[in-house]
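Notes to accompany the following structure.
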Amino acid sequence: MTSVAVVNHGSANIDSLVGALKQIGAESAVTRDPECVTSAPIVIIPGVGHFSHAIRQLRESGLGHALKKRAAKNMPLLGICVGMHLLCSSSAEAPGETGLNVFPYPVLPRSNGINVSWSALDLSFEEDAPTLLNEFASYYFCHSFSVLNSGQEEVAATFGQDLNEVAILRKGNVVGIQFHPELSQDSGLIFLGRLLDTWRST
Amino acid sequence: MKRLCGVVLHNEGWVVNSYGFERHLPTGRLSPKLDELQRWQIDEIILLAIKGKDAALPALDLLSGVSRDRLHTPLSVGGGIEDLEAAERCFESGADRVVLGASVRRSPKSIESIAGKFGIQAVLPSLPVCSFNASFVAFHPETKALGPAVEELSSIPSDWPGEILLQDVRADGALRAFDLQLLLAVKDVWPKASFICCGGLRSGAVIPSLLTQEKVSAVGLGNLLGQKEGIVARLKGEAAGSVRSFQPR
């Protein structure tokens, strides 16, 4: 069993993520303990939530500092949706707030508003992406803000019109994804399973 | 891609068909229906409890019968959610989004507070309405009567940028199709919103036609889902190009 620490930032759909991890055979524990976040083999920041509320929770609990420390050590870390946004420098959802700045890019409002949809991804940016994702599959997105693709080296996959929105940011073992694997049925479970397997093997 | 959503009405562990929002017919247990909808690759499940106004929080009762260990499909939950605290309990119990119905009218501020914590995309206000004598009227669950839609129009902010569940009350469980006039009426009231249309959606050209509307992000299928295996795959085939295709295992 792989042990995964799921960060509780106070507004996430934790039950869905824990259920998905259980389905793929990963043992998980929900935590607000910075020490646990620093030392766990794998950490996931779940999606759902407003950037402002979540970043304040991370800052006040010390979890934000622990997550930055973890990212600096290149330890396995996955941020889902707002979890990815928290790893960025800032978000237009919460003007004046700063993110964890692991990925030094701002999260911006989508030009055409909210996106609740299933979308395929463009995986042509990184060699590893096709091994984690199925190019013929669709993944579930639910967001109003996103990171724009401007050719950043961490961009591993994109989606949307003109492929201008980032679906996956990856810097070593730190991964941010805009879609929700825990809600993407078989495609999402396969992605989660492969990502955890990759981390387990390294 | 736009979505085909399963709108599942529920009462005490039973899925019910709805007829005009007034009569309800039990059709089976909830848990197997959710498993079935996931197997059919429905794009999202919208679970609505239909208990009366005296129930403390029917949405939570509903969630107690749902296991997220097996359900990996987006789950929106509604029924009796009146404030932020109730919404928090729903998210903690397995919801991915919350549906705000009559509660929005009682406490318009709740929509702001819930969106302020969970994000606009996690909040889905519902709007049970119909057109009557060329006017726009709303269904009031407490009285089960149709009346002026003034409260509904003011309870959701006019600049709401999220989705709204647009329920055609007169087409619910009836032979008539979803009234396109409703969509034309509301899209100017909430110009930034997109709509999940439900009520009166069966097969034929209605669903693909609705999905071609710019402001429609999804359609909600209700009683139709009581039909045999393959209905979702068939509907996805009819709406090919607009929705995620069915992938045979």
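As they're listed, the protein sequences go chains P and E.
Residue numbers for the first sequence follow our numbering, so the first one is 350 and each next one is one higher.
Residue numbers for the second sequence follow our numbering, so the first one is 23 and each next one is one higher.
The beta-carbon is built from N, C-alpha and C at its ideal position, and this holds for glycine as well.
Which of the three DSSP states is assigned to residue i in this structure?
i: P/Glu384; result: helix
i: E/Ser267; result: coil
i: E/Gln249; result: coil
i: E/Ile178; result: coil
i: E/Val261; result: Sequence check: residue 261 of chain E is Ala here, not Val. E/Ala261: coil per DSSP, three-state reduction.
i: E/Cys112; result: helix
i: P/Asp535; result: helix
i: E/Ala137; result: helix
i: P/Asp471; result: strand
i: P/Phe540; result: helix
i: P/Ile394; result: strand
i: E/Leu168; result: strand
i: P/Thr447; result: strand
i: E/His94; result: coil
i: E/Glu107; result: helix
i: E/Asp201; result: coil
i: P/Ala369; result: helix
i: E/Thr234; result: coil
i: P/His358; result: coil
i: E/Arg127; result: helix
i: P/Thr551; result: coil
May I have the straight-line CA-CA distance separating residue i from residue j, to the nearest angstrom?
i: P/Gly550; j: P/Pro425; result: With the sequence shown as reference, residue 550 of chain P is identified as Ser, and Gly is not the correct amino acid for it. Cα to Cα, P/Ser550 sits roughly 12 Å from P/Pro425.
i: E/Ser129; j: E/Ser135; result: 10 Å
i: E/Leu31; j: E/Leu247; result: 11 Å
i: E/Arg119; j: P/Val355; result: 19 Å
i: E/Gly101; j: E/Ser148; result: 10 Å
i: E/Val121; j: E/Val99; result: 6 Å
i: E/Arg25; j: E/Leu257; result: 11 Å
i: E/Ser132; j: E/Ala171; result: 19 Å
i: E/Gly252; j: P/Cys385; result: 46 Å
i: P/Leu416; j: E/Ser157; result: 55 Å
i: E/Lys75; j: E/Tyr41; result: The pLDDT assigned to E/Lys75 is 47, lower than 50, so where the model puts this residue is not dependable; a value taken from the coordinates is nonetheless given after this. Roughly 19 Å separates the two Cα atoms.
i: P/Val524; j: E/Leu175; result: 42 Å
i: P/Val431; j: P/Leu545; result: 20 Å
i: P/Trp467; j: P/Ala375; result: 25 Å
i: E/Pro270; j: P/Ile394; result: 32 Å
i: P/Arg408; j: E/Asp194; result: 48 Å
i: E/Thr95; j: E/Ala262; result: 20 Å
i: P/Leu412; j: P/Asp382; result: 7 Å
i: E/Trp212; j: E/Ser231; result: 21 Å
i: E/Leu93; j: E/Ile142; result: 23 Å
i: E/Ile64; j: P/Ala403; result: 30 Å
i: E/Ile72; j: E/Asn33; result: 6 Å
i: P/Asn464; j: E/Ala137; result: 16 Å
i: P/Cys491; j: E/Ile186; result: 14 Å
i: P/Phe508; j: E/Val241; result: 23 Å
i: E/Glu44; j: E/Asp190; result: 13 Å
i: E/Glu66; j: P/Pro390; result: 32 Å
i: E/Gly50; j: E/Val37; result: 5 Å
Mind listing the chain P neighbours of residue i? Cutoff is C-beta to C-beta under 7 Å, in chain order.
i: E/Arg111; result: None at all; the shortest Cβ gap to chain P is about 11 Å.
i: E/Thr95; result: Leu532, Gln534
i: E/Ser239; result: Val465
i: E/Asp190; result: What E/Asp190 touches in chain P: nothing, since even the nearest Cβ is about 20 Å away.
i: E/Gln60; result: Gln534
i: E/Asp91; result: Gly368, Lys371, Gln372
i: E/Asp118; result: Asn362, Ser365, Val397, Leu532
Based on the DSSP output, what are the partners of residue i in its beta bridges?
i: E/Cys27; result: E/Glu66, E/Gly242
i: E/Thr49; result: For E/Thr49, which the question treats as bridged, DSSP gives no partner whatsoever.
i: P/Gly525; result: P/Gly428, P/Leu518
i: P/Ser495; result: P/Leu457
i: E/Glu185; result: E/Ser216
i: E/Leu149; result: E/Leu188
i: E/Asn33; result: E/Trp36
i: P/Asn464; result: P/His492
i: P/Phe321; result: As displayed, chain P neither begins before 350 nor continues past 551, which places residue 321 of chain P out of reach and without an answer.
i: E/Leu56; result: According to DSSP, which records beta bridges pairwise, E/Leu56 is partnered with nothing at all.
i: P/Thr507; result: P/Asp471, P/Val515
Check the Cβ of residue i against every Cβ in chain E and list those closer than 8 Å, keeping chain order.
i: P/Ser493; result: Gly141, Ile142, Gln143, Pro183, Gly184
i: P/Ser487; result: Met23, Arg266
So which residues on chain P does residue i lean against when the C-beta distance must stay under 9 Å?
i: E/Ser216; result: Gly462, Ile463, Val465
i: E/Ser115; result: Asp364
i: E/Gly138; result: His399, Ser401, His402
Which chain P residues sit within Cβ distance under 8 Å of residue i?
i: E/Lys24; result: Ser466
i: E/Gln63; result: Gln534
Note down, in chain order, every chain E residue with its Cβ under 7 Å from the Cβ of residue i.
i: P/Ser439; result: Here the premise fails: no neighbours, minimum Cβ distance about 16 Å.
Against residue i, what residues of chain E qualify as contacts under a CB-to-CB distance less than 9 Å, listed in chain order?
i: P/Gly537; result: His94
i: P/Val431; result: Gly141
i: P/Ser360; result: Glu110, Phe113, Lys139, Phe140, Gly141, Ala144
Item to check | Members of the region 364-378 of chain P near chain A, C-beta cut-off 9 Å | outcome: In the displayed structure, chain A is absent; the protein chains listed are P and E.
Checklist entry - Enumerated in chain order, which unbroken segments of the alpha helix (DSSP H) with a length of 4 residues or greater are wholly contained in the region 399-425 of chain P? => result Runs found: 400-410, 412-421.
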